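Terminal number for the sequence shown in my numbering: 280, no gaps in between.
Where a beta carbon is used, it is the ideal one built from N, C-alpha and C, also for glycine.
Here the structure is a predicted model, which means the values were calculated and not measured.
These notes are about the structure you will find just below.
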Amino acid sequence: MKPYENILLISDLDGTLIPRGGVISEENKEALHRFVEGGGCFAIATGRTPEAAAGYVKDLPINAPSIFFNGSMLYDWNKKEILATCPLRSAEDKTVWPRFAEAVRESFPHACIEVYTAENCHIISDEKYDDPRLPFEYYKYEHCNLDKLRDTEKTPWLKFFICAEPAVLHRVERLEKKFGIDALTNSFYSEVNYYEFVAKGVSKGTMVEKIRQLPEWKNYRIIAAGDYLNDNEMLELADVGVASGNAHDATKAVANRTGCRVEEHLMAWILEHVVEGGEA
Numbered sequence: 001m002k003p004y005e006n007i008l009l010i011s012d013l014d015g016t017l018i019p020r021g022g023v024i025s026e027e028n029k030e031a032l033h034r035f036v037e038g039g040g041c042f043a044i045a046t047g048r049t050p051e052a053a054a055g056y057v058k059d060l061p062i063n064a065p066s067i068f069f070n071g072s073m074l075y076d077w078n079k080k081e082i083l084a085t086c087p088l089r090s091a092e093d094k095t096v097w098p099r100f101a102e103a104v105r106e107s108f109p110h111a112c113i114e115v116y117t118a119e120n121c122h123i124i125s126d127e128k129y130d131d132p133r134l135p136f137e138y139y140k141y142e143h144c145n146l147d148k149l150r151d152t153e154k155t156p157w158l159k160f161f162i163c164a165e166p167a168v169l170h171r172v173e174r175l176e177k178k179f180g181i182d183a184l185t186n187s188f189y190s191e192v193n194y195y196e197f198v199a200k201g202v203s204k205g206t207m208v209e210k211i212r213q214l215p216e217w218k219n220y221r222i223i224a225a226g227d228y229l230n231d232n233e234m235l236e237l238a239d240v241g242v243a244s245g246n247a248h249d250a251t252k253a254v255a256n257r258t259g260c261r262v263e264e265h266l267m268a269w270i271l272e273h274v275v276e277g278g279e280a
């Protein structure tokens, strides 16, 4: 028997596996390759699309179902196959999401507003207010008219995303309640200036539970690592939740362990202190 068999390690990307604006360290790469060669399974959990994540993790030994769109998609990395999606829905009013998006655009014209589908990232706001991160990401996106996306049955929305100053996002929260969107969605901050919407009951944590339900993964111990509020449920539902040393205080509070900072090679720390330390 190999030393790391029946252990699944799931890691968030930014602030956990990758320093902000940086690259994955050689120390983290070496630790993950050693973990997988020893029988372990590794997956990622991110708000990004599979295409966007690929440029960051192309050298990593991902060999387990991975989580995208902050829980709206479960994806087989090796087969390049979508295993499950959880679109934004409203049985009572199929127009509510396009109407809400239109209201956000009209009320906050300087915000960057993005609609994510399984195929693409669609930016419905003025190009001059694009999120500064976009030119540095590894995925395609398009600026388009909201009318292209109004039929949410034909083109399901997996995630709705707003990038703006925190004061603006607090006003978006009030608009969300006015439209009744708060009853239809799981909304959260993934950064101080990023406010995101996925379907009600959907999170990285709910996809961890979906993985547990798959027959081939039911006997695995799950270690999850994260750094921000959108990781909290994943860390709570894992067998061992690890917050990076740079994590939000609320994320540290729900974790079983707080490790080193992302710049100090958190994957190597987890392998030494959690996996080899016997906690897994």
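Of the residues 124, 199, 147, 109, the one whose Cα lies closest to the Cα of residue 169 is 109. By the neighbour-count criterion, in which 16 or more other beta carbons inside 10 Å mark a residue as buried, residue 265 falls on the buried side.
If you check the CB distance, residue 19 and residue 191 do not come in under 7 Å. When C-beta atoms of the region 102-122 are compared with those of the region 141-155, three or more pairs fall below 8 Å, so the two segments count as touching. In this structure, residue 52 lies near residue 137, with their beta-carbon atoms less than 7 Å apart. Residue 28 carries a helical assignment under DSSP once its states are collapsed to helix, strand and coil.
In the DSSP assignment, the residues bridged to residue 11 are 44, 225. In the structure shown, residue 274 adopts helical secondary structure according to DSSP, grouped into three states. Cβ-Cβ separation between residue 8 and residue 220: approximately 4 Å, consistent with a contact (criterion under 8 Å).
If you draw a straight line from the Cα of residue 273 to the Cα of residue 111, it is about 42 Å long.
The criterion of a C-beta distance shorter than 7 Å is satisfied by residue 16 and residue 226. Under the 10 Å beta carbon count, residue 23 is surrounded by fewer than 16 other beta carbons and is classified as exposed.
Annotation note: the region 109-169 contains the following uninterrupted beta strand (DSSP E) runs of length 3 or greater, listed N- to C-terminal: 112-116, 121-123, 141-143, 159-163.
According to DSSP, residue 241 shares a beta bridge with 224.
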